[in-house]
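Engineer: Below is the structure I would like to discuss, written out as structure tokens.
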Amino acid sequence: YKGVTASVFLDANENPYNLPHNRYPDTMQWELKTELSKIKKVSPEHIFLGNVSDEAIDLVFRAFCEPGVDNVVAIDPTYGIYQVCADVNYVEYRNVLLNEHFQFSADKL
């Protein structure tokens, strides 16, 4: 429309309601971590928040696995993202199948 200036850019996923000073949330989630730390009685620095479990799992691979050196073991059937994250991060993925009664056999490790 002519003569109208946009103050909210919906194409950038900005919230048009109750705009804070910063239109995007705090990427470190300090306010939420502070409240959770009071409930759980731990320091906010010891709380990790992820967008989805996939992100958290991927970050664990990146933080604790050395590409081309380490390997991970998963009991199948399991959540498929473990193998995806292993592949993406160049970590060998080893799976141990459950038996016909869906029980784990330590001998198969």
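Under the UniProt record's numbering, think of the first position of the sequence shown as 1, with each following residue one higher.
Cβ coordinates follow ideal geometry from the N, Cα and C atoms, glycine included.
Keep in mind it's a predicted model, so treat the numbers as computed, not measured.
#1: Between which two residues does the alpha helix (DSSP H) carrying E55 extend?
#2: Three Cβ pairs or more, each shorter than 8 Å: is that satisfied between the region 67–77 and the region 89–104?
#3: Give the secondary structure of L97 by DSSP, where H, G and I count as helix, E and B as strand, and everything else as coil.
#4: Round the Cβ separation of I75 and V96 to the nearest angstrom and send it over; I've been treating them as touching at under 8 Å.
#5: Whose CA, out of I57, Q29, N99, lies closest to the CA of V84?
#6: Where DSSP assigns a beta bridge to E75, which residues make up the other side?
#7: On the criterion of 16 or more Cβ atoms from any shown chain inside 10 Å, does K40 qualify as buried, or is it exposed?
#8: Contact defined as beta carbons within less than 8 Å: I believe K38 pairs with I47. What is the distance between those atoms, to the nearest angstrom?
Structural biologist: With the given structure in hand:
#1: 53–64
#2: yes
#3: strand
#4: 5 Å
#5: I57
#6: At residue 75 the sequence reads Ile, which differs from the Glu that was named. Note: I75 sits in a beta bridge opposite V96.
#7: exposed
#8: Between I47 and K38 the Cβ distance is about 11 Å, and since that is not below 8 Å, they are no contact.
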